[in-house]
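*Asks:* Residue numbers (the working numbering): 35 to 503.
Using N, Cα and C, we set each Cβ at its ideal position, and we do this for glycine too.
Remember, it's a predicted structure, so these values are computed and weren't measured experimentally.
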């Protein structure tokens, strides 16, 4: 085993020796001696107290005691100053121990001094656990082997400033994440703690520069519609931490669709459904629908609301349809309903006839003249065109009908030709939709007036009046 201590033995006659002390170093101070010659030898011992043979004898004569402390050969100076540490150095002209009395007010020092009992002429003491950005006042002290203590003049120094932070803000908030922005200086690392309460729980960190810089830090794994608290803590290059203020933000709620309903709208020209639903936040409206098995099509409304209604028109009768409601909020977050299925009813509603117009004309003159009735109308759904008519006004039973034009249209025109003149006719338009539901228009009256005489008839009648034949 290695040497752990030295045992020192002393004699006044170089014959009888006695143990006087031990030392863990290769020096030993033997104090309180008389002014006479002394003899010494040393044994080296290990940790189990196994000792060597005696060393060679030496003789020494005490030279006396110092009555004044050692003199300073270099004034105290500070080096290696950080936010929490500093080193104080000075020199004396002979060996003494080292102490520093430290305080934050001039002339007032902590009773707990930093010191080392090692006897040296080059003194160096490390100070730690200092506060950042603080001015410290200190004096150094040194005591020689005879108990003489020297004290320096007061000196001061300031620790490096604490890391600074400003402009802390939440620049982006999503359903499941947020971006925290801040500007820091004199820090080497930043930690953002966050959570649903002020006790936090989650943490993300980033290395930072000592120069003033701005950073963006993403907070992942958040839940929508929740208030979160966060705090930025800066670290200096000594590992010291500097917690900042507590801030908060709230993630937006994810859009959700509820109360999705759809119901047929009666008295429409084609099968029509009213689709309605609610959302928890203002969103747009879109419905995707189609016959089951098809790709479907969309109708949409970009206005933002929480109460949604959309009308689906022109559906085929007696068909199974699928339907999806979709809503997107101002940030682009999409909510989609579950797929719904419904079947349209059979069409039993006849087309509605409106805007009936009846015009009459006479073609030819005299005995050859014939009347013509032009009937036009509109329907609210594609349907055929036909006109029932009969002589007389307010006729209930129509004994004549035009040939049915089976092309489906919403604007209709039928011409009834070769009618006797000087007659009154009752007219009723008729339209059938693709499901053969028949709509009948309002009974209208048409008058075909008396035809005018031909030119020859006019000349002959004039001659009769003149010549009397």
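Is the stretch 436-444 touching the stretch 389-398 in the sense that three or more CB pairs, one from each, lie closer than 8 Å?
*Replies:* No contact exists between the stretch 389-398 and the stretch 436-444.
*Asks:* Between the stretch 124-141 and the stretch 149-164, are three or more C-beta pairs nearer than 8 Å?
*Replies:* Because the criterion of three Cβ pairs below 8 Å is met, the stretch 124-141 and the stretch 149-164 touch.
*Asks:* Using the C-alpha atoms, what's the distance from residue 100 back to residue 73?
*Replies:* If I take the Cα positions, the gap works out to 23 Å.
*Asks:* Taking the alpha carbon of residue 182 as the point to measure from, which residue in 104, 481, 338 has its own alpha carbon closest?
*Replies:* Ranking the options by Cα distance to residue 182, first place goes to 104.
*Asks:* Please name the residue in 422, 88, 152 whose C-alpha comes closest to that of residue 63.
*Replies:* Minimum Cα distance to residue 63 is reached at 152.
*Asks:* Taking the alpha carbon of residue 304 as the reference point, which residue from 328, 360, 380 has its own alpha carbon closest?
*Replies:* Here the closest residue by C-alpha is 380.
*Asks:* Does DSSP put residue 492 in a helix, a strand or coil?
*Replies:* Residue confidence is low: residue 492 scores 43 on pLDDT, short of 50, so the model does not pin down where it sits. Its coordinate-derived value is still stated next. In the structure shown, residue 492 sits in a helix (DSSP, three-state: H, G or I).
*Asks:* Please name the residue in 116, 123, 93 whose C-alpha comes closest to that of residue 107.
*Replies:* The shortest Cα separation from residue 107 among 116, 123, 93 belongs to 123.
*Asks:* My parser needs the beta strand (DSSP E) runs of 3 or more residues fully inside the stretch 317-378; what are they?
*Replies:* Listed in chain order, the complete beta strand (DSSP E) runs (minimum 3 residues) inside the stretch 317-378 are 331-349, 354-362, 368-370, 374-377.
*Asks:* Ignore the nearest five residues each way along the sequence and tell me which others in residue 375's own chain have a CB closer than 8 Å to its CB.
*Replies:* Counting only Cβ-Cβ distances below 8 Å, and skipping sequence neighbours, we find 326, 354, 355, 356, 357.
*Asks:* My parser needs the beta strand (DSSP E) runs of 3 or more residues fully inside the stretch 58-88; what are they?
*Replies:* Here the runs fully enclosed are 72-79.
*Asks:* Rounding to the nearest angstrom, what Cα-Cα distance links residue 59 and residue 148 in this structure?
*Replies:* Distance between the alpha carbons of residue 59 and residue 148: 22 Å.
*Asks:* Cutting at 8 Å between CB atoms, please list the residues of its own chain near residue 449, excluding the five before and the five after it.
*Replies:* For residue 449, where only same-chain residues beyond five positions count, the Cβ hits under 8 Å are 406, 407, 408, 409.
*Asks:* Which residues in the same chain have their Cβ closer than 8 Å to the Cβ of residue 331, if we skip the five residues on either side of it in sequence?
*Replies:* Closer than 8 Å at Cβ, skipping near neighbours: 322, 323, 324.
*Asks:* Among residues of its own chain, excluding the 5 on either side of residue 53, which ones have a beta-carbon nearer than 7 Å to its beta-carbon?
*Replies:* 41, 43.
*Asks:* Could I get the ranges of all uninterrupted beta strand (DSSP E) runs contained in the stretch 141-174, with 3 residues as the minimum, in chain order?
*Replies:* Taking only runs of at least 3 residues, the beta strand (DSSP E) segments lying wholly in the stretch 141-174 are 148-161.
*Asks:* How would you call residue 145, buried or exposed, if buried means at least 16 neighbouring beta carbons within 10 angstroms?
*Replies:* Under this definition residue 145 is an exposed residue.
*Asks:* Roughly how many whole angstroms lie between the Cα atoms of residue 234 and residue 227?
*Replies:* Going from the Cα of residue 234 to the Cα of residue 227 covers about 6 Å.
*Asks:* Do residue 199 and residue 219 count as a contact pair if the criterion is CB distance below 9 Å?
*Replies:* Result yes, Cβ atoms of residue 219 and residue 199 sit closer than 9 Å.
*Asks:* Quick one: what does DSSP say residue 487 is sitting in, helix, strand or coil?
*Replies:* Low confidence applies to residue 487: its pLDDT is 48, below 50, so where it sits in the model is not reliable, and the reading given next is rough at best. DSSP places residue 487 in coil when its eight states are reduced to three.
*Asks:* On the three-pair Cβ rule with 8 Å, is the stretch 78-91 touching the stretch 112-123?
*Replies:* Because the criterion of three Cβ pairs below 8 Å is not met, the stretch 78-91 and the stretch 112-123 do not touch.
*Asks:* Below 8 Å on the Cβ atoms is my contact criterion, and I expect residue 417 with residue 473 to pass it. Report the Cβ-Cβ distance as a whole number of Å.
*Replies:* Confirmed, Cβ separation roughly 7 Å.
*Asks:* Leaving out five residues on either side along the sequence, give the residues of the same chain with a beta carbon under 8 Å from the beta carbon of residue 262.
*Replies:* Answer for residue 262: 212, 228, 229, 230, 253, 256, 282, 283, 284, 285, listed in chain order.
*Asks:* Contact defined as beta carbons within less than 8 Å: I believe residue 95 pairs with residue 120. What is the distance between those atoms, to the nearest angstrom?
*Replies:* Not confirmed; about 44 Å, so no contact.
*Asks:* If we ignore side chains and look at the alpha-carbon of each, how far apart do residue 432 and residue 423 end up?
*Replies:* Using only the alpha carbons, I get a separation of about 5 Å.
*Asks:* What do you get for residue 165, buried or exposed, if any count of 16 or more other CB atoms within 10 angstroms of its CB means buried?
*Replies:* When all chains shown are included, residue 165 counts as exposed.
*Asks:* Reducing DSSP to helix, strand and coil, say where residue 104 ends up.
*Replies:* The answer is coil: DSSP assigns residue 104 none of H, G, I, E or B.
*Asks:* Taking all protein chains shown into account, decide if residue 349 is buried (16 or more other Cβ within 10 angstroms of its Cβ) or exposed.
*Replies:* It is buried - the Cβ of residue 349 has at least 16 other Cβ atoms within 10 Å.
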